[in-house]
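A quick write-up on the structure given underneath.
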Amino acid sequence: MSDFLSDQWFEELNARLVTAPPLPTGARACQVVVEFEGAPATAPHALTLTVGEGARVTPGDSLGADVILRLSFDDARALTAGELDSAAALREGRLKVRGDVNVVVPLAGWLHTALFA
């Protein structure tokens, strides 16, 4: 995998999302913004996951987000590398959620499968 949040990383992630299993029952069209506290100046400060007929990830944030997830840059990198469990990060207060958490719940298992299977 390419460097976290590099242009190539986004390209590879979106390629995996194109071939991911169908979205789960209960998933709805939405935008999820993930903000990275302490991100280097050379990296995006956030990314936006847009879910519709499929899913796509783009650098930056969106004013129309249904939910915003915030975590440190290092924890985000560890999550994407499979070194940190999202449930543990949430329990430990390392992952903070603002907005409609019910948007993310149906997607959680699907995202893990789409990204790491």
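Counting from 1, one number per residue, gives the positions in the sequence shown under my numbering.
Ideal Cβ placement from N, Cα and C applies to all residues, glycine included.
7 Å Cβ cutoff met for residue i and residue j
i: L95; j: L111; result: no
i: L13; j: V57; result: yes
i: L17; j: A114; result: yes
With 16 other Cβ atoms within 10 Å as the buried cut-off, status of residue i
i: E34; result: According to the sequence provided, residue 34 is Val. The question's Glu does not apply to it. Its Cβ being crowded by 16 or more others within 10 Å, V34 is buried.
i: T19; result: exposed
i: L63; result: exposed
i: Q8; result: exposed
i: V32; result: buried
i: D75; result: buried
Alpha helix (DSSP H) segment containing residue i, residue limits
i: T80; result: F73 to T80
i: E11; result: D7 to V18
i: L90; result: S86 to R91
C-alpha gap between residue i and residue j, whole angstroms
i: A55; j: T48; result: 10 Å
i: D85; j: R28; result: 24 Å
i: T80; j: R98; result: 20 Å
i: S46; j: C30; result: Here the sequence assigns Ala to residue 46, which means Ser is not the residue at that position. Spanning the two alpha carbons is a distance of roughly 16 Å.
i: P59; j: P44; result: 6 Å
i: L23; j: N102; result: 15 Å
i: V105; j: A65; result: 15 Å
i: G109; j: A41; result: 31 Å
i: S2; j: R77; result: 12 Å
i: G52; j: A15; result: 16 Å
i: A89; j: E37; result: 14 Å
Extent of the continuous beta strand (DSSP E) to which residue i belongs
i: R98; result: K96 to G99
i: R28; result: Where R28 is concerned, there is no enclosing beta strand (DSSP E), given that its DSSP letter is neither H nor E.
i: P59; result: A55 to P59
i: S49; result: A small fix is needed here, since residue 49 is Leu in this sequence, not Ser. Run containing L49: A46 to V51, per the beta strand (DSSP E) assignment.
Beta bridge counterpart(s) of residue i as assigned by DSSP
i: F36; result: L71
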